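Below is one structure; the comments refer to it alone.
Residue numbers (our numbering): 16 to 316.
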């Protein structure tokens, strides 16, 4: 039968809604990705993956987003901690900092350290307020809680730029691990774990799919790599390299990108929580349409 891994990429609050809708729609179509032997999440995907690892069904995952009012969506776990009427957080400063870091000529880790420095210098809400924004799903867990299922999420050390994969063996709590993976530099605060501060794992890669090497069958839900523009192109190149790593390790890989309707539903800013209802519904519709290749892979797995 073979072992199965599910890789969930980053994409802000809008990405959380879309991935939730997509997974719910796929399950309705008979493809239950929550049955994976290993779940790996980055940024938005870390939150969605944590919910699945804790036993949330695909239907339960998607339902709150699908029920949201398009005109005035209510706050949901993992949303940006701002009123729904407030302007969406801007990523312009972050994108500028990322470009400057990439043009510095430094090593990949040095580039990440520069982005971490930008994050540490930014004025944001407090760490506790950030963790509380995830709602009961995570903020009320015991400090040392970690799900029994094989689950991991990604983060980057804000000081030295080193990459970290949080697992049960890391000795950290799920709430802070997920928050660190979702800590978009310049918008949310770096999160403290074991005396170090960490930022969004998506700074290394949108999906970090290479960390699922060793599983027979890997399904990657890739949000940014399926969009358009320079950032998407960079994400796609990184993902292609990660797929080569997975296939080199013997994995069969299937990638799910957002379709045209989903990309339209996202809007220009993945941090704009007001786009979540449309994104979730577009994801659900895409999932309902199913995927013959994915159905074959998942059933074979």
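Backbone N, C-alpha and C define an ideal beta-carbon position, used for all residues, glycine too. Predicted model, so just to flag it, every value in this text is computed and none were measured.
Can you name, in chain order, every residue of its own chain whose Cβ lies under 6 Å from the Cβ of residue i, other than the five neighbours on each side?
{"i": "residue 217", "result": "25, 57 and 58"}
{"i": "residue 100", "result": "Residue placement at residue 100 cannot be trusted, given a pLDDT of 47 that sits under 50; what the coordinates show is reported in the next sentence. Correct list: empty, nothing qualifies."}
{"i": "residue 282", "result": "290"}
{"i": "residue 206", "result": "142, 191, 194, 195, 198 and 213"}
{"i": "residue 179", "result": "170"}
Could you give the DSSP three-state label for residue i: helix, strand or coil?
{"i": "residue 181", "result": "strand"}
{"i": "residue 208", "result": "strand"}
{"i": "residue 187", "result": "coil"}
{"i": "residue 279", "result": "helix"}
{"i": "residue 199", "result": "coil"}
{"i": "residue 262", "result": "helix"}
{"i": "residue 33", "result": "helix"}
{"i": "residue 156", "result": "coil"}
{"i": "residue 313", "result": "helix"}
{"i": "residue 225", "result": "helix"}
{"i": "residue 274", "result": "coil"}
{"i": "residue 176", "result": "coil"}
{"i": "residue 38", "result": "helix"}
In the DSSP assignment, find the unbroken beta strand (DSSP E) run with residue i in it and report its ends.
{"i": "residue 172", "result": "165-172"}
{"i": "residue 271", "result": "267-271"}
Who does residue i pair with in a DSSP beta bridge?
{"i": "residue 21", "result": "54 and 234"}
{"i": "residue 215", "result": "170"}
So is residue i buried or exposed if we call it buried at 16+ other beta carbons inside 10 Å?
{"i": "residue 172", "result": "buried"}
{"i": "residue 67", "result": "buried"}
{"i": "residue 257", "result": "buried"}
{"i": "residue 107", "result": "exposed"}
{"i": "residue 84", "result": "exposed"}
{"i": "residue 262", "result": "exposed"}
{"i": "residue 115", "result": "exposed"}
{"i": "residue 296", "result": "buried"}
{"i": "residue 222", "result": "buried"}
{"i": "residue 226", "result": "buried"}
{"i": "residue 219", "result": "buried"}
{"i": "residue 20", "result": "buried"}
{"i": "residue 255", "result": "exposed"}
{"i": "residue 123", "result": "exposed"}
{"i": "residue 308", "result": "exposed"}
{"i": "residue 215", "result": "buried"}
{"i": "residue 34", "result": "buried"}
{"i": "residue 250", "result": "buried"}
{"i": "residue 82", "result": "exposed"}
{"i": "residue 65", "result": "buried"}
{"i": "residue 259", "result": "exposed"}
{"i": "residue 70", "result": "exposed"}
{"i": "residue 239", "result": "buried"}
{"i": "residue 119", "result": "exposed"}
{"i": "residue 312", "result": "buried"}
Within the same chain, show all residues whose beta-carbon is closer than 8 Å to that of residue i, passing over the 5 residues directly before and after it, in chain order.
{"i": "residue 201", "result": "106, 108, 109, 112, 133, 134, 137 and 139"}
{"i": "residue 157", "result": "188"}
{"i": "residue 160", "result": "188, 189 and 190"}
{"i": "residue 305", "result": "41, 44, 45 and 46"}
{"i": "residue 286", "result": "27, 28, 29, 95, 103, 104, 105, 106, 199 and 202"}
{"i": "residue 72", "result": "42 and 49"}
For residue i, report the span of its alpha helix (DSSP H) as first-last.
{"i": "residue 62", "result": "59-68"}
{"i": "residue 73", "result": "73-81"}
{"i": "residue 113", "result": "107-117"}
{"i": "residue 296", "result": "291-303"}
{"i": "residue 123", "result": "123-136"}
{"i": "residue 287", "result": "From DSSP, residue 287 is part of no alpha helix (DSSP H); its letter is neither H nor E."}
{"i": "residue 147", "result": "142-147"}
In chain order, what residues of the same chain lie with their CB nearer than 7 Å to the CB of residue i, ignoring the 5 residues before and after it?
{"i": "residue 51", "result": "19, 20 and 21"}
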